[in-house]
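Asker: Below are the structure tokens for one structure; questions will follow.
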Amino acid sequence: MHFKSTLHALAALFLLQTTIAAPVTDIASRDSTEIEARGECTWGFICGVIKNDPRSNRSLQVTNDWPKRDSGAWKWIGVGGSSTAVMKDADGFYVPSGCRATSVDDVLVWDAGKWHKINDLQEYTVKVIC
Ligand SMILES: *[C@@H]1O[C@H](CO)[C@@H](O)[C@H](O)[C@H]1NC(C)=O
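With mature numbering (1 follows the signal peptide of the UniProt record, and there is no 0) applied, the sequence shown covers -21 to -1, 1 to 109.
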């Protein structure tokens, strides 16, 4: 029934060290050699997911092509939307200058004016206020 989420949890256990113990401001921008992040999902079905929090007040720009991030790989997700609607595997998101991007619980803060990478095992909801 929850086959996928069980596998997801197992995979997360294997790869815990890639997400644990990173400085909080740095979690989304860490590089990982173990996890494929170029438009491919790990093991075919574990994909990066980025959501735009319903409390955001602008669309969020995402890419499925790290590290190139050329304009052909950009997509926008509206307030309350998810990258799954526009791409299978999201690799990163952009925080425009002058915006404040935080996790839902306000614990993580992502620098403005930069792209931030996520890994396939990560699902982030970003609240972006501009
Ligand atoms: C977003 O919300 C902030 C804080 O309430 C406000 O200052 C800003 O003008 C809003 N921006 C837009 C694009 O609505």
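Backbone N, C-alpha and C fix where the C-beta goes; we use that ideal spot for every residue, glycine too. Predicted, not measured: the structure shown is a model, and the values here were computed from it.
Grouping DSSP H, G and I as helix and E and B as strand, with all else coil, what is D51?
Answerer: Here the question's residue 51 lines up with position 72 in the sequence shown. Looking at the sequence shown, residue 51 is not Asp but Gly. Three-state DSSP puts G51 in a helix.
Asker: Hey, is N36 close to ligand 1, as in C-beta under 7 Å from one of its heavy atoms?
Answerer: Here residue 36 refers to the residue found at position 57 of the sequence shown. Checking the Cβ of N36 against ligand 1 gives yes.
Asker: If we count the other Cβ atoms within 10 Å of its Cβ and call it buried at 16 or more, is residue 121 buried or exposed?
Answerer: Because residue 121 is not part of the residues shown, which for the chain are -21 to 109, the question remains open.
Asker: Between the alpha carbons of K106 and W89, how many angstroms are there, rounded?
Answerer: By 1-based counting over the sequence shown, the position of residue 106 is 127. By 1-based counting over the sequence shown, the position of residue 89 is 110. So the alpha carbons of these two residues sit roughly 10 Å apart.
Asker: Sorted by chain position, which residues of the same chain lie with C-beta nearer than 6 Å to R79's C-beta, five sequence neighbours on each side aside?
Answerer: The count along the sequence shown starts at 1 and reaches residue 79 at position 100. Cβ within range, chain order: I108.
Asker: If I measure Cβ to Cβ from P33 and keep anything under 8 Å in the same chain, skipping five residues before and after, which residues do I get?
Answerer: Position 54 of the sequence shown, counted from the start, is the residue given in the question as residue 33. Once the five neighbours on either side are set aside, the close Cβ partners of P33 are V58, G59.
Asker: Using 7 Å as the cut-off, classify the Cβ of I108 as near or not near the heavy atoms of ligand 1, replying yes or no.
Answerer: Here residue 108 refers to the residue found at position 129 when the sequence shown is read from its first residue. True, at least one ligand heavy atom lies under 7 Å from that Cβ.
Asker: Rounded to whole angstroms, what's the CA-CA distance from Y103 to G51? Just pull it up for me.
Answerer: Here the question's residue 103 lines up with position 124 in the sequence shown. Here the question's residue 51 lines up with position 72 in the sequence shown. Their backbone Cα atoms lie some 22 Å apart in a straight line.
Asker: Which of helix, strand or coil does DSSP assign to S82?
Answerer: One-based indexing of the sequence shown puts residue 82 at position 103. In this structure, S82 counts as strand in the three-state DSSP scheme.
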